[in-house]
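Below is one structure, written out as structure tokens; comments come after it.
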Amino acid sequence: MSIDKILTLGQTAAELGLIGGLTVLALFLSYSMLNVCDLSTDGCFTLGAAVGTVTAIAGYPWLSLPAAMLAGSLSGFITAALQTRMGVQSLLAGIVVNTGLYSVNMMISGNKAALNMSKTRTVFSMAKDLLKGTPFAGQYILIVALIAVAVVVAMLCLFLRTKLGLSIRATGSNADMVRSSSINPTFTTTVGLCVSGSITALSGCLMAQQQKNFDINMGQGIVTVALASLLIGGVFFSRYKPIPLRAVGAVLGAIVFRIVYALALRLDMPAFMLKLVSAVIVVLAISGPYLREQIPMMRRRWKNAREGRSAG
Amino acid sequence: MLELKNVSKTFHPGTADEKRAMDDVSLRVAEGDFISIIGANGAGKSTLFNAICGSFFVDRGTILLGGRNITMEPEHRRARTIGRLFQDPMRGSAPDMSIEENLSLAAGKGGWLSRMSAADRREFRERLKLLGMGLEDRMKAPVGLLSGGQRQALTLLMATYHVPQLLLLDEHTAALDPATAEKVLALTRSIVEDNHITCLMITHNMQSALDLGNRTLMMDNGRIIYDVSGEERKGLTVSDLTDLFRRSSGRALDNDRMLLS
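As they're listed, the protein sequences go chains A and B. Using the working numbering, you'd call the opening residue of the first sequence number 1 and step up by one each time. Using the working numbering, you'd call the opening residue of the second sequence number 1001 and step up by one each time.
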């Protein structure tokens, strides 16, 4: 493999890692901070893509970003309302919204399972035009993705330092304590899921525009892929590290995941393996610490069984 | 100050587990009272606190705090005027957040989008110094890394950051080692006395029930069976209390957690 090829490969991995990294940042807020596993992420990602695509095709590439984010926060609001005000369990609320979003997304795309944007002006094609003739002409996707991620990381970190942000973190850490601080955890959960929904949708919007294609199934399994990236990111900066470092760690996790995936593809792993690989990573990262704790107990049990046999 | 009028609460009504946790409880607490509450497990002591705090809504009766009817107020709203400490030191603070972040939530200053200022930090530092545990030099440390005693002291500081109308202490030193328990109890005493906070304290230690405060309640089966204050209370001993319990409830105090010394 030539150096050129490696660089191209790395660049593509970084681009996809950064754009998908936005979803990881959304999960960083909902899963790591708020302690809610938001299973509506898949549908929300596609929702952002659908809204962004339709808006861009209608001729408003810039408007596509806030439009997608608004739609995403609405979806987050519904997921939150189901679990905080209507007695639906947290996981079920996500699944229900995810299922419902499929129809909503089809409605938005005008009952089309795919939309093509090869001739549409998108934020990426606009950046391409802007950078034409400069040394960065080849990196326009990377630059747009980098700016988006930098802005979201900065805003998220600033947000998490406000009183509202602290309350959201506390809700995930100890809801009793939030109530005794005279803050309504229903409110903080709602705001948290709205914000994370808007970031997920932004991620979907940019992904569709970068691929120049919207597909109704493009969000499928994104929650597992993003969770895997988040858990990989946790290896860089763990639970008690400062928030900005952990947010950067989450994005790094997404990029590392994409690089490893790209390498695996080079080694002839078929593309459809992506989801199984992410599923296994999530299982390993979550059950690893648990299993490690069990090892001493298993040893004792084996030892006991052996001694029992020899005694008998 | 605080008044409960004929408050009742039944858990799991209509099932085999039906439990009348509060049975027509009426209680009048005067401003500045420090009341200790004793009783066997399941007597309804913590249920009484839960009712006052709003962890659930009572089936019948009214609860007034400072003349305001709080019977139907949600828990987080009542928390503005009621501070509470639990036996479990982990319940009062958020482990993933730093000491200063926890304090900042308790202080609750500014609007939703405001941030902790240098002045806030200075104020937290001064308050933390009062605990005498050196926490003022570890303000950025995550609370999850503190010891149980340190966390309970921090919770005490948070619960009383804005002087509450009412402070509820639910065996808040029972999970600590004796030396730490003593220290936290001394801190509680000085904070309560300095700020003239009206306070209810559940305890399993009969001696401290008599030593602390100006009034003692004994609960059994969801009722207040004995209420003593003033001169009568001064002459009481621990064995008087156990005798009283036997006479009022018709059975012996069979709770091995009751400390008789």
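Cβ atoms here follow ideal geometry from the backbone N, Cα and C, with glycine treated the same way. Predicted model, so just to flag it, every value in this text is computed and none were measured.
Cβ neighbours of residue i in the same chain (closer than 8 Å, five flanking residues each side left out)
i                       : result
serine 1098 of chain B  : Met1139, Lys1140, Ala1141, Pro1142 and Val1143
leucine 18 of chain A   : Leu142, Ala145, Leu146, Ala148, Val149, Val251, Ala254 and Ile255
alanine 1179 of chain B : none
leucine 1244 of chain B : Met1218 and Tyr1226
Cβ shell of residue i (< 6 Å), same chain only, five flanking positions each side left out
i                            : result
leucine 231 of chain A       : Ala285
lysine 128 of chain A        : Tyr140
methionine 1201 of chain B   : Ser1036 and Leu1169
glycine 1066 of chain B      : Gln1165
threonine 1173 of chain B    : Ala1181, Val1184 and Leu1185
leucine 160 of chain A       : Ile243
threonine 200 of chain A     : Thr23, Ala26, Thr41, Cys44, Phe45 and Gly72
alanine 262 of chain A       : Leu9 and Ala13
histidine 1196 of chain B    : Gly1032
leucine 1103 of chain B      : Phe1124
leucine 1064 of chain B      : Glu1003
phenylalanine 236 of chain A : Gly249 and Leu252
Outcome for residue i when other beta-carbon atoms lying within 10 angstroms are tallied against a minimum of 16
i                             : result
phenylalanine 1056 of chain B : exposed
glutamine 1152 of chain B     : buried
glycine 59 of chain A         : exposed
serine 103 of chain A         : exposed
threonine 8 of chain A        : exposed
valine 151 of chain A         : exposed
lysine 241 of chain A         : exposed
serine 75 of chain A          : buried
proline 61 of chain A         : buried
arginine 1247 of chain B      : exposed
valine 283 of chain A         : exposed
isoleucine 6 of chain A       : exposed
aspartate 1220 of chain B     : buried
glycine 1032 of chain B       : exposed
lysine 119 of chain A         : exposed
glutamate 970 of chain B      : Within the shown structure, residues of chain B are numbered from 1001 to 1261, placing residue 970 of chain B beyond reach of any answer.
alanine 1051 of chain B       : buried
leucine 1260 of chain B       : Only weak support exists for where leucine 1260 of chain B lies, its pLDDT of 48 falling under 50; the coordinates are left without a value.
aspartate 176 of chain A      : buried
proline 1089 of chain B       : buried
arginine 258 of chain A       : buried
glutamate 15 of chain A       : buried
isoleucine 207 of chain A     : Residue 207 of chain A is actually methionine in this sequence, not isoleucine. Its Cβ being crowded by 16 or more others within 10 Å, methionine 207 of chain A is buried.
Expected contact under 8 Å - CB spacing of residue i and residue j to nearest Å
i                             : j                          : result
glycine 233 of chain A        : glycine 253 of chain A     : 3 Å
aspartate 1120 of chain B     : lysine 1109 of chain B     : 7 Å
phenylalanine 1034 of chain B : leucine 1157 of chain B    : So it is not a contact: roughly 19 Å between Cβ atoms.
leucine 47 of chain A         : leucine 101 of chain A     : 6 Å
leucine 156 of chain A        : leucine 29 of chain A      : 7 Å
asparagine 111 of chain A     : aspartate 42 of chain A    : With 8 Å as the limit, asparagine 111 of chain A and aspartate 42 of chain A do not qualify as a contact, their Cβ atoms being about 20 Å apart.
serine 1190 of chain B        : asparagine 1214 of chain B : Rounded, the Cβ-Cβ distance is 17 Å, inconsistent with contact.
tryptophan 1112 of chain B    : leucine 164 of chain A     : 4 Å
alanine 226 of chain A        : leucine 27 of chain A      : 5 Å
methionine 117 of chain A     : threonine 53 of chain A    : 6 Å
phenylalanine 45 of chain A   : threonine 12 of chain A    : At roughly 19 Å, the Cβ-Cβ gap does not stay under 8 Å, so phenylalanine 45 of chain A and threonine 12 of chain A are not in contact.
arginine 1078 of chain B      : cysteine 1053 of chain B   : 6 Å
CB contact check: residue i to chain C, cutoff 9 Å
i                      : result
serine 1239 of chain B : Of the protein chains in this structure, namely A and B, none is chain C.
Own chain residues within Cβ distance below 7 Å of residue i, not counting five before or after
i                         : result
isoleucine 168 of chain A : Met33, Leu34, Thr188, Val191 and Gly192
leucine 265 of chain A    : Ala271
glutamine 220 of chain A  : Asp42
aspartate 1256 of chain B : Residue placement at aspartate 1256 of chain B is flagged as unreliable, the pLDDT there being 46, under the threshold of 50; the coordinate-derived value follows with that caveat. Within the same chain, aspartate 1256 of chain B has no close Cβ partners at all.
alanine 50 of chain A     : Asn105, Ile108, Ser109 and Phe214
alanine 1016 of chain B   : none
Practice prompt. Scan the region 117-187 of chain A and note each continuous alpha helix (DSSP H) run of 4 residues or more that stays entirely inside, going in chain order.
Written response: 123-131, 140-161, 163-173 and 175-180
Fill in: Runs of alpha helix (DSSP H) lying entirely within the region 234-279 of chain A, each at least 4 residues, in chain order
243-266
Worksheet item: Hey, which unbroken runs of the beta strand (DSSP E) at 3 residues or more fall wholly within the region 1164-1195 of chain B?
Response: Runs of beta strand (DSSP E) with 3 or more residues, each lying fully within the region 1164-1195 of chain B, are found at 1166-1170, listed in chain order.
Item to complete: Evaluate the contact criterion for the region 290-305 of chain A versus the region 1016-1031 of chain B: three or more CB pairs, one atom per stretch, below 8 Å.
Response: no
Practice prompt. Count the C-beta pairs between the region 190-208 of chain A and the region 37-53 of chain A that are closer than 8 Å, then say yes if the count reaches three, no if not.
Written response: yes
Item to complete: Could you name each continuous beta strand (DSSP E) segment of 3 residues or more that falls completely within the region 1086-1111 of chain B, going from the start of the chain to the end?
Response: none
Practice prompt. Tell me, please, whether the region 1067-1082 of chain B touches the region 1114-1131 of chain B by the rule of three or more beta-carbon pairs shorter than 8 Å.
Written response: no
Discussion item. Contact between the region 129-138 of chain A and the region 79-99 of chain A is defined here as three or more beta-carbon pairs at a separation below 8 Å; is this criterion met?
Written reply: Judged by Cβ distances under 8 Å, the region 129-138 of chain A makes no contact with the region 79-99 of chain A, as fewer than three pairs qualify.
Worksheet entry | Complete runs of the alpha helix (DSSP H) confined to the region 29-58 of chain A [at least 4 residues] | Annotation note: the region 29-58 of chain A contains the following uninterrupted alpha helix (DSSP H) runs of length 4 or greater, listed N- to C-terminal: 41-57.
Discussion item. Extract the residue ranges of the beta strand (DSSP E) inside the region 1122-1168 of chain B, only unbroken runs of 3 or more that lie entirely within it.
Written reply: none
Worksheet item: Hey, which unbroken runs of the beta strand (DSSP E) at 3 residues or more fall wholly within the region 1208-1243 of chain B?
Response: For the region 1208-1243 of chain B, the full-length beta strand (DSSP E) segments reaching 3 residues or more read 1215-1220 and 1223-1229 along the chain.
Item to complete: Spell out a yes or no on whether the region 1001-1017 of chain B and the region 1183-1193 of chain B are touching, meaning 3 or more CB-CB pairs, one atom from each, closer than 8 Å.
Response: no
Practice prompt. Would you be able to state if there are at least three C-beta pairs under 8 Å between the region 1075-1094 of chain B and the region 171-181 of chain A?
Written response: yes
Worksheet entry | Length at least 3, wholly inside the region 1041-1095 of chain B: the beta strand (DSSP E) runs in chain order | 1060-1065 and 1082-1085
Worksheet item: Mind pulling the beta strand (DSSP E) runs of 3 or more residues that sit fully within the region 1018-1043 of chain B?
Response: 1019-1029 and 1034-1039
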